[in-house]
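Mapping to our numbering: the sequence shown position 56 is 783, numbers consecutive. Virtual Cβ for every residue (Gly too), placed ideally from N, Cα, C. Here the structure is a predicted model, which is why all the values come from computation and not from measurement. Notes to accompany the following structure.
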Amino acid sequence: MALSTRSGRLAPWAAFAGAILGEALHHQVLSDMLRFRCELGGPAAGFTGAAVAWALMGIGAWISWASVRGNDDDPHRHTRLFIARVGWMMCALFSVAVLWQTLAMWVLPPCP
728 MALSTRSGRL APWAAFAGAI LGEALHHQVL SDMLRFRCEL GGPAAGFTGA AVAWALMGIG
788 AWISWASVRG NDDDPHRHTR LFIARVGWMM CALFSVAVLW QTLAMWVLPP CP
């Protein structure tokens, strides 16, 4: 693993960024798509958008986890671990939000 990933000051915040970016992109792209060209909506678009959002969240959570793993000699370990844990919880919460939106696209017709 690269040293910069483990020791970077912003690395524990990657889960925050991944969660927010994944949810925001999923919500905004799918809502714009349904608003302006509703025939593009449906289960395939919903699952594709969800996969991209979950991938962004997973990458952010992994970088955050890698930044706090095994750094026992770091004087700021507890702070970095707290930030990473809250970011992981955000990833979990926003993953559920993406799931609900995806299920709504699967159940409801795209065009009224």
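Assigned exposure category for H805 - 16 Cβ within 10 Å defines buried: Taking the first residue of the sequence shown as 1, we reach residue 805 at position 78. When all chains shown are included, H805 counts as exposed.
C-beta atoms of L757 and G769 nearer than 8 Å: Taking the sequence shown and counting its residues from 1, the one referred to as residue 757 is at position 30. Taking the sequence shown and counting its residues from 1, the one referred to as residue 769 is at position 42. Against a cut-off of 8 Å, the Cβ pair of G769 and L757 comes out as no contact.
Reduced DSSP category for L730 - H, G, I as helix; E, B as strand; rest coil: Here residue 730 corresponds to residue number 3 of the sequence shown, with the count starting at 1. Reliability of the predicted coordinates at L730 is poor, the pLDDT of 47 falling under 50, and no value is obtained from them.
Per-residue burial, H753 [other beta carbons within 10 Å of its own, 16 or more giving buried]: Looking up residue 753 in the sequence shown gives position 26. Buried is the call here.
Beta-carbon gap between P840 and A811 smaller than 8 Å: The chain is shown only over 728 to 839; residue 840 falls outside these bounds and no answer can be derived.
CA-to-CA distance, W815 to R796, given in whole angstroms: For this step, residue 796 is matched to residue 69 along the sequence shown. For this step, residue 815 is matched to residue 88 along the sequence shown. Roughly 14 Å separates the two Cα atoms.
Short Cβ contact (8 Å threshold) for A742 with C818: Taking the first residue of the sequence shown as position 1, residue 742 is located at position 15. Taking the first residue of the sequence shown as position 1, residue 818 is located at position 91. Yes, the pair counts as a contact, with Cβ atoms nearer than the cut-off.
Candidates V823, I790, R762 and L767: closest to A778 by CA position: Stepping through the sequence shown from its first residue, residue 778 is reached at position 51. Considering only alpha carbons, the answer is V823.
Assigned secondary structure, C838 (DSSP; H/G/I helix, E/B strand, else coil): Residue numbering aside, residue 838 sits at position 111 when the sequence shown is read from its first letter. Correct three-state label for C838: coil.
Distance cut-off 7 Å: L835 Cβ against heavy atoms of the ligand MN: The ligand MN is not among the ligands present in this structure, which contains no ligands whatsoever.
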